[in-house]
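**Q** The structure follows.
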Amino acid sequence: MATPTRIGLAGLAVMGQNLALNIAEKGFPISVYNRTTSKVDETIERAKQEGNLPVYVHQTIKTLSVYMEKGDCIIDGGNEWYENTERRQKQLAELGLLYLGMGVSGGEEGARRGPSLMAGGSFEAYKYIEDILLKVAAQVPDSGPCVTYIGEGGSGNFVKMVHNGIEYGDMQLIAEAYEVLKCVGKLSNDELQQVFSDWNKGELLSFLIEITADIFGIKDDKGSGYLVDIVLDKTGMKGTGKWTVQQAAELSIAAPTIASSLDSRFLSGLKEERVQAATIFKSNGVGDIITEQAVDKQKLIDDVRQALYASKICSYAQGMNLIRAKSIGKGWDLKLGELARIWKGGCIIRAVFLDRIKKAYDRNPDLPNLLVDPEFAKEIIDRRERLPANLVQAQRDYFGAHTYERIDMQGSFHTEWFKLALLSKL
17 MATPTRIGLA GLAVMGQNLA LNIAEKGFPI SVYNRTTSKV DETIERAKQE
67 GNLPVYVHQT IKTLSVYMEK GDCIIDGGNE WYENTERRQK QLAELGLLYL
117 GMGVSGGEEG ARRGPSLMAG GSFEAYKYIE DILLKVAAQV PDSGPCVTYI
167 GEGGSGNFVK MVHNGIEYGD MQLIAEAYEV LKCVGKLSND ELQQVFSDWN
217 KGELLSFLIE ITADIFGIKD DKGSGYLVDI VLDKTGMKGT GKWTVQQAAE
267 LSIAAPTIAS SLDSRFLSGL KEERVQAATI FKSNGVGDII TEQAVDKQKL
317 IDDVRQALYA SKICSYAQGM NLIRAKSIGK GWDLKLGELA RIWKGGCIIR
367 AVFLDRIKKA YDRNPDLPNL LVDPEFAKEI IDRRERLPAN LVQAQRDYFG
417 AHTYERIDMQ GSFHTEWFKL ALLSKL
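In my numbering, the protein residues as written are 17 to 442.
And the structure:
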């Protein structure tokens, strides 16, 4: 008979499988379940290869609750609408069960090596598994494990939703910076890789800037040239960005960067319409319009860097404003500085300036807008046919194995960007 374990994990897609391996590696015995046994076998095989490692949500909960005893805890680690979490918490409380809605950010590598964890719901449930979460989460030397109890109800899922909205904005800003440098500055992929590598040593140091530099250096293993140029400029999405914009509209919170990034993903999906429209217009885009003008590459690079930095600050400020408004409305009493702390490691939007965001909210927990913090205010004062959606989709495949389509052949493709990037640096 199998030995009972303290924790079980249902759902072994990219995030679930890697999170299960992470938990086991930290010394916590874990049982795993998937609707198809092939994923269970795959997870066990990965555990053997990588070392000595100790659904449907409604239906899964319904199935699990039959076998659970009072005081047992269910954790939903997926991207979930916060009101669903609140409803399930109340329903399970009637059965004597604890429920935690926990946002998990970090993509494939983060889940495996240490994600950022945003736990909301039952505080009793959080304390029950806190020892596990503290070890499984990403570890940042100067600020500790990237996990915290966010607050009551669906606050953990809401915070993760807005985190994803900020991620949408961040990725679109980077894509537009890439578009300007490529089409106006005529930078090659080698030059773009160097520029983004240099940017990742300063105020723009972040996970997304780092992987963008990696992407520009990856050659196409199925043809010639660079892979980013072959990725179809059609960006996918899972819905959290749409939820974020809907909530911003409902609460009358301006979130133009996040909303525009969502619009850009909608537009990227209209590939056939864009191609047809391009045949009507004489110019292919801004690069062609100014092609006869001399461009000072270094000045352009510096201007784009400053614009990108200022825009990123605005995107984070919009997300924080939305969280603040919801917290006030729901009485969650969320600590925005603590959110910035747990986003410093493991998650997709981790960036060096999150430490400054944390300090801004530490100085004034009731800060109405990040942009009016004295330190950030000083910086703000100083202030075609093909879309750059191919880069965004390459980023999604890099950190989440979401796959991409190519412009030269049919089908969905996945590239081990992380491994190829490591090999290219040897």
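All residues carry an ideal CB built from backbone N, CA and C; glycine is no exception.
Taking 7 Å as the limit between beta carbons, can you name the residues of its chain near S331, skipping five residues before and five after?
**A** Taking the first residue of the sequence shown as 1, we reach residue 331 at position 315. Excluding residues within five positions, the ones whose Cβ falls inside 7 Å are I182, G185, D186, L189, T273, I274.
**Q** Figure out for me which residue from D92, Y165, Q107, L113 has the closest Cα to the Cα of L352.
**A** Working through the sequence shown from its first residue, we reach residue 352 at position 336. Minimum Cα distance to L352 is reached at Y165.
**Q** Name the two residues that bound the continuous beta strand (DSSP E) containing V120.
**A** Locating residue 120 in the sequence shown gives position 104, where the first residue counts as 1. Looking at the DSSP string, the run of the beta strand (DSSP E) that includes V120 is 114-121.
**Q** Is the separation between the beta-carbon of G169 and that of A135 shorter than 8 Å?
**A** Taking the first residue of the sequence shown as 1, we reach residue 169 at position 153. Taking the first residue of the sequence shown as 1, we reach residue 135 at position 119. In this structure, A135 does not lie closer than 8 Å to G169 by Cβ.
**Q** For the alpha helix (DSSP H) holding S213, just list the boundary residues, first then last.
**A** Counted from its first residue, the sequence shown places residue 213 at position 197. Start and end: 205-215.
**Q** Name the one or two DSSP bridge partners that Q155 has.
**A** Taking the first residue of the sequence shown as position 1, residue 155 is located at position 139. According to DSSP, Q155 bridges with P161.
**Q** Just reading off the alpha helix (DSSP H) that G24 is part of, what are its end residues?
**A** Within the sequence shown, numbered from 1, the residue matching residue 24 stands at position 8. Looking at the DSSP string, G24 is not in any alpha helix (DSSP H); the run it does join, the beta strand (DSSP E), is 23-26.
**Q** Under the three-state reduction of DSSP, which class applies to C89: helix, strand or coil?
**A** Stepping through the sequence shown from its first residue, residue 89 is reached at position 73. In the structure shown, the three-state DSSP call for C89 is strand.
**Q** Just to confirm my understanding: we take L108, look at its own chain, exclude 5 residues before and 5 after, and list those with CB closer than 8 Å. What are they?
**A** For the purposes of this step, residue 108 is taken as the residue at position 92 of the sequence shown. So the qualifying residues of the chain are I77, S81, I90, L114, Y115.
**Q** Going by C-alpha to C-alpha distance, which of N380, I358, P381 sits closest to L370?
**A** Position 354 of the sequence shown, counted from the start, is the residue given in the question as residue 370. Taking only the C-alpha atoms, the option nearest L370 is I358.
**Q** Determine which residues share a DSSP beta bridge with E421 and list them.
**A** As a first step, residue 421 must be located in the sequence shown, where it is residue number 405. Looking at the DSSP assignment, E421 forms a beta bridge with S428.
**Q** Hey, would you say L197 sits closer than 8 Å to I317, going by beta carbons?
**A** Start at 1 with the first residue of the sequence shown, and residue 197 comes out as number 181. Start at 1 with the first residue of the sequence shown, and residue 317 comes out as number 301. Result yes, Cβ atoms of L197 and I317 sit closer than 8 Å.
**Q** Alpha carbon to alpha carbon, how far is R372 from S440? Give it in angstroms, no decimals.
**A** Residue numbering aside, residue 440 sits at position 424 when the sequence shown is read from its first letter. Residue numbering aside, residue 372 sits at position 356 when the sequence shown is read from its first letter. Their backbone Cα atoms lie some 33 Å apart in a straight line.
**Q** Expressed to the nearest angstrom, what Euclidean distance is found between the alpha-carbon atoms of D230 and M84?
**A** Taking the sequence shown and counting its residues from 1, one reaches residue 230 at position 214. Taking the sequence shown and counting its residues from 1, one reaches residue 84 at position 68. Distance between the alpha carbons of D230 and M84: 46 Å.
**Q** Kindly indicate which three-state DSSP category I365 falls into: helix, strand or coil?
**A** Locating residue 365 in the sequence shown gives position 349, counting from the first residue. Reduced to three states, the DSSP call for I365 is coil.
**Q** Quick one, are the C-beta atoms of H418 and G285 less than 8 Å apart?
**A** Here residue 418 refers to the residue found at position 402 when the sequence shown is read from its first residue. Here residue 285 refers to the residue found at position 269 when the sequence shown is read from its first residue. No.
**Q** Could you check where the alpha helix (DSSP H) with S240 kicks off and where it finishes?
**A** Indexing the sequence shown from 1 puts residue 240 at position 224. Run containing S240: none; DSSP gives neither H nor E here.
**Q** Could you give the residue range of the beta strand (DSSP E) that holds L133?
**A** Stepping through the sequence shown from its first residue, residue 133 is reached at position 117. Run containing L133: 132-137, per the beta strand (DSSP E) assignment.
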